[in-house]
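**Q**
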Amino acid sequence: MKLISIVVPCYNEEKSVELFYATVKPVLEGIGYIDYEFIYVNDGSKDLTEEKMRELSNREYNVRYISFSRNFGKEAAMLAGIEAARGDAVVLMDVDLQDPPELLPQMVEDWEIGGYDVVYTRRSTRSGEPPLRSWFAKQFYKLINVMSDVHIVDGARDYRLMDRKAVDSFLRLNERNRFAKGLFMWVGYKSKCIEFENVERAVGSTSWSFWKLVHYAIDGIVSFTISPLRWATYFGLFTATSAFVYMFYVIFSKLLFGNPVSGYASIVSIMLFFGGIQLIFLGIIGEYIGRIFIEVKARPNYIIKEHSLNPAQSKEKARKVLVKR
Ligand code: UDP
Ligand code: MG
Numbered sequence: 012m013k014l015i016s017i018v019v020p021c022y023n024e025e026k027s028v029e030l031f032y033a034t035v036k037p038v039l040e041g042i043g044y045i046d047y048e049f050i051y052v053n054d055g056s057k058d059l060t061e062e063k064m065r066e067l068s069n070r071e072y073n074v075r076y077i078s079f080s081r082n083f084g085k086e087a088a089m090l091a092g093i094e095a096a097r098g099d100a101v102v103l104m105d106v107d108l109q110d111p112p113e114l115l116p117q118m119v120e121d122w123e124i125g126g127y128d129v130v131y132t133r134r135s136t137r138s139g140e141p142p143l144r145s146w147f148a149k150q151f152y153k154l155i156n157v158m159s160d161v162h163i164v165d166g167a168r169d170y171r172l173m174d175r176k177a178v179d180s181f182l183r184l185n186e187r188n189r190f191a192k193g194l195f196m197w198v199g200y201k202s203k204c205i206e207f208e209n210v211e212r213a214v215g216s217t218s219w220s221f222w223k224l225v226h227y228a229i230d231g232i233v234s235f236t237i238s239p240l241r242w243a244t245y246f247g248l249f250t251a252t253s254a255f256v257y258m259f260y261v262i263f264s265k266l267l268f269g270n271p272v273s274g275y276a277s278i279v280s281i282m283l284f285f286g287g288i289q290l291i292f293l294g295i296i297g298e299y300i301g302r303i304f305i306e307v308k309a310r311p312n313y314i315i316k317e318h319s320l321n322p323a324q325s326k327e328k329a330r331k332v333l334v335k336r
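Its first residue numbered 12, the sequence shown is counted upward by one per residue in our numbering.
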């Protein structure tokens with residue numbers, strides 16, 4: 012039987028850890044023709060998430076967990092889980108049950124029988140989300156798709172199933188700035204998209220503030236395309252050309268009509284405008300240099316404080332469970 016690894020990043024989710032397991036396990040059992048394991052990743056939670064995971068993993072032989080030394084962010088948590096996964100396919104799921112487990116049988120079928128290497132999901136609606144946030148999210152997807160070669164579907168979730176091939180390719184990308192949604196698309200392979208309606212969180216509240224999302228968006232764009240730099244070049248060429256043309260106009264009008272001293276307002280606004288534009292483009296260059304700095308330092312993406320990933324230990328546990336039965 013093929014093994015499926017369910018990777019679950021968790022940050023301050025003490026109430027969801029058990030609930031997630033209790034909800035998803037029966038669905039996986041129901042599929043029948045696959046084995047499964049759960050890999051919980053505690054992303055430096057400040058509540059009892061870690062204790063809950065330890066408890067669960069001690070009780071259930073197919074649950075393993077990784078616990079970070081501090082909060083490293085969801086991208087790092089997903090990476091750690093994917094690295095630890097041993098399955099023939101890996102599924103990424105949020106622990107808050109916003110990724111409907113009912114889709115799992117369909118995803119597994121598309122993979123095992125349909126021959127798809129990647130089955131990803133997208134929300135067809137954003138109901139229950141603040142309208143302003145939805146609007147920004149839409150603009151973000153439009154922007155990133157216009158600017159970069161990789162096509163990211165609007166509303167695409169991290170919830171996806173990936174065949175071992177795709178997982179290994181994903182793991183070969185060893186950059187620090189990991190914008191997983193883009194990296195998964197970049198990897199390619201035969202993919203299928205499943206749509207679903209937005210589901211509200213089961214318990215707890217989202218840990219994404221508006222600014223966190225803005226940073227995420229900038230990360231996404233800067234780590235996937237250098238087209239903002241190209242824009243700077245084009246814009247510079249355009250203004251230099253117009254300035255040149257305007258210079259002739261100024262010289263000739265001076266020679267032909269003399270110089271009635273005026274134009275203070277236009278000079279000041281032109282100066283301020285170009286001062287602002289230059290700062291923006293310096294900022295853009297800075298974004299890229301900052302990322303080069305981070306890549307060059309090559310620090311690890313996360314630090315593991317404790318884990319239960321010892322395969323021998325898991326086998327031991329499995330045996331115990333069997334003996335008990
Ligand atoms: N998460 C994480 N680290 C973080 C923030 C979030 O591992 O720093 C996890 C969180 O526990 C959840 C998933 O990422 O399982 C999605 O987070 P959330 O529900 O807050 O985001 P939303 O669904 O609002 O996009
Ligand atoms: Mg959520």
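Even for Gly, the Cβ is constructed at its ideal location relative to N, Cα and C.
Because the structure is a prediction, the values reported are computed rather than measured.
May I ask which residues mark the beginning and end of the beta strand (DSSP E) holding M173?
**A** Position 162 of the sequence shown, counted from the first residue, corresponds to residue 173. 167-174 is the span of the beta strand (DSSP E), which, as asked, contains M173.
**Q** Under the criterion of a Cβ to heavy atom distance below 7 Å, does V256 qualify as lining the ligand UDP?
**A** Numbered from 1 along the sequence shown, position 245 holds the residue referred to as residue 256. No; taking the cut-off as 7 Å, the Cβ of V256 has no heavy atom of the ligand UDP nearer than that.
**Q** Should R212 be listed as close to the ligand MG, given that the test is whether its C-beta is under 7 Å from any heavy atom?
**A** As a position in the sequence shown, residue 212 is number 201, starting the count at 1. Checking every heavy atom of the ligand MG against the Cβ of R212, one is found closer than 7 Å.
**Q** How would you label F83, buried or exposed, when you count the other beta carbons within 10 angstroms and need 16 or more for buried?
**A** Walking along the sequence shown from the start, residue 83 turns up at place 72. By the 10 Å Cβ count, F83 comes out buried.
**Q** Take the Cβ of Y245 as the centre, count every other Cβ of all protein chains shown within 10 Å, and call the residue buried at 16 or more, exposed below.
**A** The count along the sequence shown starts at 1 and reaches residue 245 at position 234. Y245 should be labelled exposed.
**Q** Could you pull out every residue in the same chain whose Cβ sits closer than 7 Å to the Cβ of K57, ignoring the five residues on either side in sequence?
**A** Working through the sequence shown from its first residue, we reach residue 57 at position 46. Correct list, in chain order: N23.
**Q** I need the straight-line Cα distance from R75 to V119, nearest angstrom please.
**A** Translated into the one-based positions of the sequence shown, residue 75 becomes position 64. Translated into the one-based positions of the sequence shown, residue 119 becomes position 108. If you take the alpha carbons of R75 and V119, they lie about 21 Å apart.
**Q** With hydrogens ignored, establish whether the beta-carbon of T217 is closer than 7 Å to any heavy atom of the ligand ZN.
**A** This structure simply doesn't include the ligand ZN; it includes the ligand UDP and the ligand MG instead.
**Q** Spell out a yes or no on whether the region 90-105 and the region 17-32 are touching, meaning 3 or more CB-CB pairs, one atom from each, closer than 8 Å.
**A** As far as the Cβ criterion goes, the region 90-105 touches the region 17-32, which means the pair count is three or higher.
**Q** Relative to the ligand MG, is the shortest distance from any of its heavy atoms to the C-beta of D107 smaller than 7 Å?
**A** On the sequence shown, residue 107 is found 96 positions in, with the first residue counted as 1. Indeed, a heavy atom of the ligand MG lies less than 7 Å from the Cβ.
**Q** Please go through the region 51-126 and give each complete alpha helix (DSSP H) segment of 4 or more residues, from N-terminal end onward.
**A** Within the region 51-126, the complete alpha helix (DSSP H) runs of at least 4 residues are 60-70, 85-95, 115-123.
**Q** Would you check if there are 3 or more beta carbon pairs closer than 8 Å linking the region 114-129 to the region 33-41?
**A** Yes, since at least three Cβ pairs between the region 114-129 and the region 33-41 fall closer than 8 Å, the two stretches touch.
**Q** Between A243 and L194, what straight-line distance do the alpha-carbon atoms span, to the nearest angstrom?
**A** Taking the first residue of the sequence shown as position 1, residue 243 is located at position 232. Taking the first residue of the sequence shown as position 1, residue 194 is located at position 183. In a straight line, the C-alpha of A243 is about 25 Å away from that of L194.
**Q** Regarding G84 and the ligand UDP, is the C-beta to nearest heavy atom distance less than 7 Å?
**A** Here residue 84 refers to the residue found at position 73 when the sequence shown is read from its first residue. Yes, the beta carbon of G84 sits closer than 7 Å to at least one heavy atom of the ligand UDP.
**Q** For the structure I just gave you, are there three or more beta carbon pairs, one from the region 130-145 and one from the region 164-174, closer than 8 Å?
**A** Taking 8 Å as the limit for Cβ pairs, the verdict is that the region 164-174 does touch the region 130-145.
**Q** With 16 other CB atoms within 10 Å as the buried threshold, where does S78 fall?
**A** Here residue 78 is taken as the residue at index 67 of the sequence shown, counted from 1. It counts as buried.
**Q** From the DSSP output, read off the bridge partner residues of G20.
**A** Taking the first residue of the sequence shown as position 1, residue 20 is located at position 9. Correcting the residue identity first, residue 20 is Pro in this sequence and not Gly. According to DSSP, which records beta bridges pairwise, P20 is partnered with V52.
**Q** Check whether the Cβ of D174 sits closer than 7 Å to any heavy atom of the ligand UDP, and report yes or no.
**A** As a first step, residue 174 must be located in the sequence shown, where it is residue number 163. No - the ligand UDP has no heavy atom lying nearer than 7 Å to the Cβ of D174.
**Q** Select from Q289, P111, L30 the residue whose C-alpha is nearest the C-alpha of V357.
**A** As displayed, the chain neither begins before 12 nor continues past 336, which places residue 357 out of reach and without an answer.
**Q** Who pairs with S318 in a beta bridge, going by DSSP?
**A** Indexing the sequence shown from 1 puts residue 318 at position 307. The sequence as given places His at residue 318; Ser does not occur at that position. According to DSSP, which records beta bridges pairwise, H318 is partnered with I77.
**Q** Sorted by chain position, which residues of the same chain lie with C-beta nearer than 6 Å to N73's C-beta, five sequence neighbours on each side aside?
**A** As a working mapping, residue 73 is identified with position 62 in the sequence shown. Around N73: E48.
**Q** Quick one: measure Cβ to Cβ for S80 and K308, integer angstroms, because I've assumed they're closer than 8 Å.
**A** In the sequence shown, residue 80 corresponds to position 69, counting from 1. In the sequence shown, residue 308 corresponds to position 297, counting from 1. No, S80 and K308 are not in contact; Cβ-Cβ is about 18 Å, not under 8 Å.
**Q** In this structure, how does DSSP classify Y227 when only helix, strand and coil are distinguished?
**A** The residue given as residue 227 occupies position 216 in the sequence shown. Here Y227 sits in helix by DSSP.
**Q** Have a look at the DSSP bridge pairing and note the partners of R133.
**A** Mapped onto the sequence shown, residue 133 falls at position 122. DSSP lists A167, E206 as partners of R133.
**Q** Would the region 150-158 count as touching the region 177-189 if we require 3 or more Cβ pairs under 8 Å?
**A** Cβ pair count under 8 Å is below three, so no.
**Q** From the DSSP output, in three-state form, read off L184 for me.
**A** By 1-based counting over the sequence shown, the position of residue 184 is 173. DSSP places L184 in coil when its eight states are reduced to three.
**Q** Quick test of your reading: Y200 and K223, contact by CB under 8 Å. State the CB separation rounded to the nearest angstrom.
**A** Position 189 of the sequence shown, counted from the first residue, corresponds to residue 200. Position 212 of the sequence shown, counted from the first residue, corresponds to residue 223. Not really, about 30 Å apart at Cβ, beyond 8 Å.
**Q** Are R212 and D121 touching if we call contact CB-CB under 8 Å?
**A** To locate residue 212, count along the sequence shown from 1; it is residue 201. To locate residue 121, count along the sequence shown from 1; it is residue 110. Contact flag unset, no.
**Q** So, do the region 231-240 and the region 288-298 have three or more beta carbon pairs nearer to each other than 8 Å?
**A** Yes, they touch.
**Q** Can the beta-carbon of D54 be found closer than 8 Å to that of K85?
**A** Against the sequence shown, residue 54 aligns to sequence position 43. Against the sequence shown, residue 85 aligns to sequence position 74. The answer is yes: Cβ separation under 8 Å.
**Q** Is it buried or exposed, T60, if we count other Cβ atoms within 10 angstroms and call 16 or more buried?
**A** The residue labelled residue 60 in the question sits at position 49 within the sequence shown. With 16 or more Cβ atoms within 10 Å of its Cβ, T60 is classed as buried.
**Q** Can you list, in chain order, the residues of its chain with a C-beta nearer than 8 Å to that of R310? Leave out the 5 residues immediately preceding and following it.
**A** Position 299 of the sequence shown, counted from the start, is the residue given in the question as residue 310. Hits under 8 Å: R187.
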